[in-house]
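Only one structure is covered here, and it is reproduced in the block below.
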Amino acid sequence: MKYFVANWKANKNVNEMRHWLEEFLKGYRENEDVIVIIAPPFPFLQEIVGIVKNLKNVKVAAQDLSSFEEGSYTGEVTAKSLRGLVDYAIVGHSERRKYFNENDEIIEKKINLANKYQIKTILCIRNKDDKAFSDTEMIAYEPVEAIGTGNNASVDDVLGLKKSLSLNPTTKFLYGGSVKAENVSEYIRSDEIDGLLIGGASLDPADFLKLIPQL
Ligand code: PGA
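Sequential numbering from 324 applies to the sequence shown in our numbering.
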């Protein structure tokens, strides 16, 4: 099974979101070996969940969740609110660590809350110094120098990092950073890489579809 996570980050308005889904659904063929996870901005989650709910292998993720369980935290989106809506949540993305000062302590709280509310986490780590928490569904290795730069990490580097983590065998291991049509097959070919976290190349549905092996 290979996972393809489309991380839209803080992009798209309502019309662009609908256009993306229309184009994606025109080109997408269900493949039992592939799971697509769409991670849009929060306001679009509910509509997208409604649109893809009959597709067995298309799931929806939040890009983040609050480290607070509930209460007076204006603007926060909690695991409790997301429960039953999304299957997955990304946590610890390097952009959250950089612009919102997230650290391992905050990330641990998010993972615990996600687990409590039955949301599977996709934990992003930048290198081996970021804690690879064990109670996460997936770990995505995303070296900062590869994100949005066109300098994707080599498969050897990705596997070297994976080895240093001594992951629990059930944890899925993803790579992210400048994945595009020209380099995607290198990663897909490796049995050690369970999937890809895709930013820039997920924004255009045609580009994104090119990354997914279709039957
Ligand atoms: P990129 O982003 O594909 O644009 O490099 C990946 C990510 O930050 O998740």
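Positions of the beta carbon are idealized from the N, C-alpha and C atoms, including for glycine.
Query	Result
Proximity test, residue 477 beta-carbon vs the ligand PGA heavy atom, cut-off 7 Å	no
Inter-residue Cα distance where the pair is residue 319 and residue 334	With the chain represented from 324 up to 538, any question about residue 319 goes unanswered, as that position is not in the structure.
Backbone secondary structure at residue 498 - three-state DSSP	strand
Alpha helix (DSSP H) runs contained entirely in the segment 395–446, provided each spans 4 or more residues	402–405, 417–422 and 427–439
Contacting residues, own chain, Cβ-Cβ under 6 Å from residue 467 (five flanking each side not counted)	417 and 449
Span separating the alpha-carbon of residue 355 from that of residue 395	43 Å
Local conformation of residue 338 per DSSP, three classes	helix
The segment 457–464 / the segment 427–445 touching (three or more Cβ pairs under 8 Å)	yes
Spatial distance of residue 342 from residue 393 (CA atoms)	34 Å
Of the listed residues 512, 527, 533 and 524, nearest to residue 325 (C-alpha basis)	512
Straight-line gap, residue 478 to residue 510 (C-alpha atoms, nearest Å)	6 Å
Beta-carbon proximity check, residue 419 vs residue 387, cutoff 8 Å	yes
Sheet register partners of residue 519 (DSSP bridge)	327 and 498
heavy atom of the ligand PGA below 7 Å from residue 502 C-beta	yes
8 Å Cβ shell around residue 371 - same chain, five flanking residues per side excluded	340, 344, 361, 363 and 383
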